[in-house]
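Residue numbers (our numbering): 4 to 111.
All C-beta atoms, glycine included, are put in the ideal place defined by N, C-alpha and C.
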Amino acid sequence: MEELCENMAEMPADMEQQEKQALYRTYNALDLCINGGEIFTRNFCHEIEGNFKVYIENIDFREGPDHSATAKAFIDFFMEEQDIEKKARWAWKAYEYIIKSIETVLIS
């Protein structure tokens, strides 16, 4: 997870901003699915699954704050889950902890 934060720090400002915006946009869309009555579609589920595969491939979740390991656990739950509504909840929690991890590292 520290790698992700370091990579974000090394990115050009506009790329870093785009990555953060995409992360928060996905989290906000998930929040609407969980708390706002929006439908968690199969297409959105597949998009998130693709994001998680990239994260798993490129991030060492053992590094960084405790939130990192928690995020990885929720990603694992998401990947194993078959029920689409439960997948939405696991994804929402994973993104919540990914954001907490990034904010913790960037603030410290």
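Cβ neighbours of ILE101 within its own chain (closer than 6 Å, five residues either side excluded): ALA74. Only residues of its own chain outside the window of five on either side were considered, and among them PRO68, HIS70 have a CB closer than 7 Å to the CB of THR107, listed in chain order.
Within the region 24 to 66, the runs of alpha helix (DSSP H) at least 4 residues long that lie entirely inside it are, in chain order, 45 to 61. A residue is called buried when at least 16 other Cβ atoms come within 10 angstroms of its Cβ; ILE62 meets this threshold and is buried. When secondary structure is reduced to three states using DSSP, GLN85 falls in the coil class, being assigned neither helix nor strand. If you compare the alpha carbons of ASN46, GLY40, ILE51 with that of LYS96, the shortest gap goes to ILE51.
A direct Cα-Cα distance of roughly 18 Å separates TYR98 from ASP86. Only exposed fits LYS56, as fewer than 16 other CB atoms lie within 10 angstroms of its CB.
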